[in-house]
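Worksheet for the structure shown next.
Residue numbers (the working numbering), protein chains in the order written: chain W, 38 to 187; chain B, 1092 to 1369; chain H, 17 to 338; chain G, 389 to 1047; chain Z, 31 to 384.
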């Protein structure tokens, strides 16, 4: 794969972080782009973390929690599911490809699934390439567009 | 081209010593890294400075060591917000920014030859300490000096290292008080205004200087009035949110007066002239 | 009886039990109304009503202590904000008296400005304005011009589904019972543009932002106000740096905090002194909320906001997700 | 703040694919880092000593250990840091083993990634605050839910350990599934004879309060201090008066009531006592079939009752119990096997469940221990047992093995031969799973001594033919189609969570799987704990298991409760949410989403503010993600800490754009 | 030097010449708002009306870096961290073109605070020195204009370097300052005819006559102080205020700021940004105490500062240029004219409480 891209993962401690551990224990090889932020629960994820991360220049954001109904805190991922779905649907309007953000569920035992998720998402983000950033990149783009319209 | 200094640019200084005064007050003794500037550093008792933790911000504190003792500049910091909590993590050797001196100072010239009564509460003792030490260092210029210093409890009493000297000196009277009885406490127990009334200082040829939390100031002023002090015999020093410290940024004004340049020291007579917006 | 007189009568009737009634009065020129605060019957003379009554007065409700008795005059769209505030228990039903009326719509002053500018007239120099039937007539700099109202209605009025207040204690006039369609065509049209163009659009628009937070403070549902996380260091979501991404972050905060709550009164966009079309972001969320949860905010005071609720089995969210 | 960074080699586990020395060297340049080094095994005694010495010598305020997953050694190093005199929460961990060294071989990429993870940990730690646990008193009473053998064992062990026990049973008697069994494997001893005495112990134990015919309505509170509302369902018989004499049963004219205890094999009277050894041995009326309830006339039982215990007006009663811990032992139910159309979907009277067969075998059962076909009461000569009906069958959504069926089928084959010596038994099976002590020997006895014919294969169809049933299947060992004409077909129906288990789990705030089985805290190391402090599981509520395992879990759960209650005070986890009162606007959205009811309103100087009940907060952070002002922050996972981690990763790029 | 004449057709030629080697900020339309943007080929300045944002950013950017700082560690002792600060003054040569007299005059209010005998704000002062104002005199007032009541006029040249006055087919171009004179040395500018000069004079007089009658705001200084403790008054006049910062940020004379540190890793910057006295945070102290806790207190400070404290401190001048943007762009039309007039007990359009 080409040069590493900046992919940030937000994982719940009980299922998905454990799933990533399980993948490690099983030596399930994964691309190295992903950096994981450990949180207690997917319900802890303010959708703004996703937006802040993407507009701040990350090329991809991956959220993973316990499977619905398996939340360690019983309801956290139910709320997360709605909020994350909303943020995914929101991205197109601010000009960010929704493929740069995915949320999914991986249990602590699903090492293999974690590997599949990381591989798949990393590939997906690489296919989209580096993100165009608000600020410098987009300013240049805006100028270019303005020039072409003039 | 500019000849004047950039008023926003702090001097870099090194923390020499950190003293845990009370559970939520720490004192920092700092020296400017530039030895020449440190040697030439001039200020007056009551002037304040801005301490910077770069990356967090600046906050204002009175320089509570007197200009007569220039080994270091001393600031006492009570834990309240972001800057102060960051300051509290500092240890000797750490670098800070200092913008000082700022503001006006205690009118010590006009106090010469008079009796002086200091009334300080809690962290409000800090500015009084500067002037008190300055006067003690120029003892002959002043007549009787008395100090009433109160805190909530013995632990909340700052400047414990000064207290033995102040309590035993023959050339001043010191009364210490705490709000409620505490084991091992051998001084007064009672609220400052009440103890002040008990002390019953004469207003004759006397200046009272007071600083402390707003509620204490309010009742201390009442007590001083009751004792017969005139408005211009009472001096206090104010605290406000400041940013620039040089009268530009526009937030510390009370009507026409900017606390950072016109203050922080005001007589009660001056305060009464100001609009009511403390 | 003209609606305005009916409204005055209705307010006069309820005024004795109220601390204040908020309505609209004449503004600084012929093209402006401004909120008025009625505390006595004499104040009733100040009351006006019409296509210039643009402000959503529900925004004032949360600025009073909950115990104050407040009357508020609402357009259909404004009434939804009241419902939303009730739903979130941010106001007490028994302490709010809602005066509704059939709202024909309000003008978009920006449209007025531009349309008359095309006729060589400056709206900022208006001396007279009248709204009769379906035409708006303006006198400015000694010249008079007239335009069809159809060109001047605010976008939200053209797609309005709630001309009559959805909640009211006193409703004056005949209900309009009119309902336009709103298929979120504006959102769809914007999203049809290339991705980079969308981002560049915001880049350009937000570069004008002066961070005055008029959008937030005009919003009837931005109830944090003094405690908004856009202005805190703890937590520190938005830095004071100059970048557009920092300014835009607040718009994402606003949109995110309004998801499932926004009643589309459009005050954010109207209040913006530099004309940034930020309602689009909230409309986008509302479109998705409607699709996902079949929910519109500000209709049912008993409903639960969709993002403060969940279903174990979500019908429209793919459980396995990605 | 002065932070120490310790990069662990973990032998070659990390050092093999991460340049640990380089990570340590680069960590030295990070903000706040005053010390950084690599260490062979950070978790070893010398490794920990190294950390402690560095903290003391360099005057560090916190430590970052980059090694394995915090789920493994997080607590270890928190204790290390505490031993060095720091608050244990002044610690962060970077997972550079499971998340780095073990999943990639590119040393350069791994090293860069490891450094990033260290940077994130340092950025987070710089914003950590010391946290302190709070102590609170506990109520040393325990609630046991379910009076099956696991619940009975748990209740007795707790009671013997000196605790007051509240035992709540849904049906009118304790005993559970075990009471319905005729014999138990592999000893073939009488189930009721070994369970009976334990049931009597429950009834007689001074520390046990038994609520039969009762369910839990509501559970509030937290470990050490739960408030439980128990709903006592009306039995229409005043149990304080009833002596269990049985006079009412004899005279009851309504004899066609469904017989719950006998698994609907046969019928019973509308007022009944489920079985002779029932505890409590009290009569109760099935209002659904009682003539008095249906028509208003009858009242025979009331007339014959010598102690006037009958009360047709009885209402449900709510009792509130305060306990400090809960053991859930609500067992299992059989899955609804009628989805198997190929086995008649419930239409063939002589295709029955194994549990119904137990009742046919039981001397106290409806047939008095004589095996009779339900259809015509004849003694079957050919009995076919079909295994794995609703187990290991993805087509009906039951992929798991119910565990105990192989064994009881062998037992039932043996008992069939005992009861009807000239009978033939066929067992269609997939695999024989008999891993217990003396288990495999037992199945062999069924085959070898008792002549049960084991056919390895699935049954594709059962259909009636001339008063018998043709069972068509395949013998995968012989590779042939098999057809057996059977008089009786017994299905080994798989187990699932008991009816209502999901609902109860929600009240207990614990998670459960899609089959209704409760999730234990850790499948190996915490088999009877749940993720809600103070709530334990025992027996089949967690998953199918046999009697000895259920009993062992009952005892294990009891031991956990006794250990919990060995202290007078509990300490709350300090990693909870906290409200900035200055910034809270009192919208209470946090309380709306809190899964634990841990946030309540409070009034501060006339304004509504949120307040976290620290002992109830479980630290999920949902409230923090909900609060629009960010006024409620989950300690240790504050917005600023997470933002610091994010910003650290984006930092290099951020610096380019600042204006 | 005598006055020059700029024909409408020569406007871009002159702007092009001015833009050689400096940035020229001109009012342009962006999505309905008129804002100042750097001039480039093809830029169409909007000269028919007042810009919505004043050219305040030219001299006083909404965000500016005051200094950079960096930390560095002692290799021998990581705990020993050195600090370095670097002043960052940035003053590009600039011409602000097409602002109105009120816009240019705004900076005269800054000058009395930012560059005095005792204190000099180098960031401001250097940019002020590097920025010239080519101002367009007004002809017709907008409904929110009241410059003539605060000591100015629609043709006031105070604060400008060059003044343009509309005449037939173009503008009369007059240098106001010495620095302005240098700008007139351009081929696009022709010597003005006497007729043009007369036209300009007439235009100026007409512009002044077109203004609504002036009311002298000077007496407000004392009146506002009298009303300081009358919170009922301030509650009434601030009732509709929603506490945003549009009025202050769009005000050519509002000069308050805040200072914030931003840090990434071992380095960072201390920046100053516009701040608004209408915001709760402006005076919020770390203890939670706020001397201006309500919008009434804060509005009092805004009006008081402009019409009372500033004139008091600086002996006369009002810190308001009468541009009317705070009225025009206020989402709820809070009208500072009305508040001042109410305080002065003068009649107001709405007669009584606003």
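Each residue gets a CB set at the ideal place from its N, CA and C atoms; glycine is no exception.
Counting only runs of 4 or more residues that sit fully inside the segment 233-266 of chain Z, the alpha helix (DSSP H) segments are 250-256, in chain order.
For residue 1039 of chain G, the closest Cβ of chain Z is nearer than 7 Å. Between residue 352 of chain Z and residue 177 of chain Z a beta carbon distance of about 3 Å is seen, short of the 8 Å cut, so the two are scored as contacting. Sequence-distant Cβ neighbours of residue 142 of chain Z in its own chain, meaning closer than 6 Å and more than five residues away, are 344.
When DSSP reads this structure, residue 1237 of chain B sits in a beta bridge with B:1208, B:1264. For residue 1219 of chain B, the number of other beta carbons within 10 angstroms of its own is at least 16, and it is reported as buried. Taking a 10 Å sphere around the C-beta of residue 953 of chain G, we find 16 or more other C-beta atoms and assign the residue as buried. Straight-line spacing of the CA atoms in residue 149 of chain W and residue 94 of chain Z works out to 51 Å. Counting C-beta pairs with one atom in each stretch, the segment 1206-1216 of chain B and the segment 1176-1183 of chain B have fewer than three that are closer than 8 Å, which means they do not touch.
Relative to residue 880 of chain G, the option among G:685, G:976, G:739 whose CA is nearest is G:739.
Residue 883 of chain G is classed as buried because its beta carbon has at least 16 other beta carbons within 10 Å across all chains shown. In this chain, the beta strand (DSSP E) harbouring residue 613 of chain G covers 613-620. Within the segment 579-638 of chain G, the complete beta strand (DSSP E) segments at least 3 residues long are 596-599, 602-610, 613-620, listed from N- to C-terminus. If you look at residue 800 of chain G, you'll find it in the alpha helix (DSSP H) that goes 793-807. Within the same chain, and ignoring the five residues on either side of residue 790 of chain G in sequence, the residues whose Cβ sits closer than 7 Å to its Cβ are 779, 882, 883, 932.
Per the coordinates, the alpha-carbon of residue 907 of chain G lies some 18 Å from the alpha-carbon of residue 1008 of chain G. Using a Cβ-Cβ cut-off of 7 Å, residue 84 of chain W is close to 272 of chain H, given in chain order. Rounded to whole angstroms, the separation of the alpha carbons of residue 261 of chain H and residue 267 of chain H is 10 Å.
Within the segment 497-555 of chain G, the alpha helix (DSSP H) runs of at least 4 residues that lie entirely inside it are, in chain order, 537-548. Looking at the DSSP output, residue 196 of chain Z sits in a beta bridge with Z:201.
Residue-level contact check: residue 43 of chain H touches chain Z, since one or more beta carbons of chain Z fall below 7 Å from its beta carbon.
When the five nearest sequence neighbours on each side are left out, the beta carbons in the same chain lying within less than 8 Å of the beta carbon of residue 1192 of chain B are those of 1133, 1134, 1135, 1138, 1139, 1140, 1154, in order along the chain. The C-alpha of residue 975 of chain G is placed about 43 Å away from the C-alpha of residue 422 of chain G. Nearest neighbour of residue 1015 of chain G by Cα position, chosen from G:724, G:1005, G:415, G:977, turns out to be G:977.
Neighbourhood of residue 280 of chain Z in chain H, by CB distance below 8 Å: 226, 228, 289, in chain order. Between the segment 153-160 of chain Z and the segment 82-94 of chain Z there are three or more C-beta pairs closer than 8 Å, enough to call the two in contact.
In this structure residue 48 of chain Z is buried. Its beta-carbon is surrounded by 16 or more other beta-carbon atoms within 10 angstroms. If you look at residue 113 of chain W, you'll find it in the alpha helix (DSSP H) that goes 113-127.
Taking a Cβ-Cβ cut-off of 8 Å, the neighbours of residue 417 of chain G in chain Z comprise 103, 296, given in sequence order. A distance below 7 Å separates the beta carbons of residue 1342 of chain B and residue 312 of chain Z. Going by beta carbons, residue 89 of chain Z and residue 158 of chain Z fall inside the 7 Å limit. The beta carbon of residue 492 of chain G sits closer than 6 Å to the beta carbons of 498 from its chain, once the five residues preceding and following it are set aside; these are given in chain order. The residue among G:992, G:863, G:979, G:637 with its C-alpha nearest the C-alpha of residue 1000 of chain G is G:979. In the DSSP assignment, residue 142 of chain W falls within the unbroken beta strand (DSSP E) covering 138-142.
Residue 1157 of chain B has its alpha-carbon roughly 14 Å from the corresponding atom of residue 1122 of chain B. Neighbours of residue 292 of chain Z in chain H, taken as residues at a C-beta separation under 9 Å, are given in chain order as 255, 256, 257.
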